[in-house]
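See below for the structure under consideration.
Numbering (the working numbering), first residue to last: 493 to 783.
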């Protein structure tokens, strides 16, 4: 086995070992980065939903709900506005969804799923953070990331519709009945805005990015290996072969061979100098024998 082959095997083997170690680390780091980006996106959508609720409560509800005696307009309800925002968003981006849900909603369609109820219950606990992030699965078994922010009763306008059926607008009672959506209390967490983002693509995307990075690293490593072989050829192997050829001919009595020419400062220059001295000594010995 030649020195060149041994060196290449060591370099290639070391690089392959590095790839085996680096790939899962790189994929994990990229997955974490993608997950952080998804959480930031979910937080932004949650803020948009909250802003929609506030705008509806302050600007739309007073105009639509007050004095309504014919038909209850759901467009004036903050839950409805945020829910419609989520529906429209989901149509444009199937991987995104916004749900505004309550434990005791006026509209049964706003009731939470089991996973959503668990998040709301956790938000209602005394030590709950300002928001919760949870990984889970949707109804189709696909992995999703959920961000839940609490809905707290801080506006007296909420209590005018949800505290007692007796003070709620008659049109709302006519539309939804008096069995659900009442009994809310000031400063109570009654539900949550839940942003759901499909996360199944995050792992595959991270894997693809990791492979893309490693592919370019492999191209760079191959170029460096080629450059290493070229440098090895011209600075070590070729001078050694020339030295070996000349040494072989001189050993067989051919003293017409030129002296070795190795650049000063080269790693082979001491060996070349020693060989030249040995050759001159051999030439002197031959001349003495001839005399």
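We treat Cβ as the ideally placed atom computed from N, Cα and C, and that holds for glycine. These figures come from a predicted structure and were not determined experimentally.
Look at residue i and residue j and say whether their C-beta atoms are less than 8 Å apart.
i	j	result
residue 624	residue 615	yes
residue 664	residue 653	yes
residue 621	residue 629	no
residue 657	residue 670	yes
residue 602	residue 688	no
residue 694	residue 534	no
residue 593	residue 684	yes
residue 573	residue 545	yes
residue 655	residue 676	yes
residue 705	residue 591	no
residue 639	residue 612	no
residue 599	residue 668	yes
residue 539	residue 697	no
Return the CA-CA distance between residue i and residue j, expressed in angstroms with no decimal places.
i	j	result
residue 518	residue 506	18 Å
residue 631	residue 617	26 Å
residue 522	residue 720	32 Å
residue 441	residue 604	A question about residue 441 goes unanswered here, because the residues of the chain that appear run from 493 up to 783.
residue 681	residue 641	10 Å
residue 580	residue 571	14 Å
residue 780	residue 509	60 Å
residue 606	residue 644	20 Å
residue 502	residue 496	10 Å
residue 493	residue 504	16 Å
residue 549	residue 710	58 Å
residue 725	residue 707	27 Å
residue 739	residue 728	16 Å
residue 732	residue 515	40 Å
residue 673	residue 659	13 Å
residue 722	residue 511	24 Å
residue 772	residue 736	16 Å
residue 762	residue 734	15 Å
residue 626	residue 619	17 Å
residue 566	residue 552	11 Å
residue 520	residue 666	54 Å
residue 524	residue 662	51 Å
residue 547	residue 712	55 Å
residue 767	residue 776	14 Å
residue 583	residue 575	13 Å
residue 569	residue 587	26 Å
residue 498	residue 528	45 Å
residue 741	residue 702	55 Å
Quick check on residue i: buried or exposed, where buried means 16 or more other Cβ atoms within 10 Å of its Cβ?
i	result
residue 597	buried
residue 730	exposed
residue 541	buried
residue 718	exposed
residue 513	exposed
residue 769	exposed
residue 578	buried
residue 716	exposed
residue 537	buried
residue 700	exposed
residue 765	exposed
residue 543	exposed
residue 633	exposed
residue 714	exposed
Going by the DSSP bridge assignment, what does residue i pair with across the sheet?
i	result
residue 593	684
residue 588	689
So does residue i have its beta carbon nearer than 7 Å to some heavy atom of the ligand ADP?
i	result
residue 571	Absent from the structure shown: the ligand ADP. Ligands present: none.
Problem set entry | In chain order, each alpha helix (DSSP H) run of at least 4 residues that lies wholly inside the stretch 615 to 693 | 648 to 654 and 662 to 668
For this session: Give, in chain order, every unbroken run of the alpha helix (DSSP H) that is at least 4 residues long and sits entirely within the stretch 521 to 558.
Result: The stretch 521 to 558 is shown to contain whole alpha helix (DSSP H) runs of 4 or more residues at 553 to 556, in chain order.
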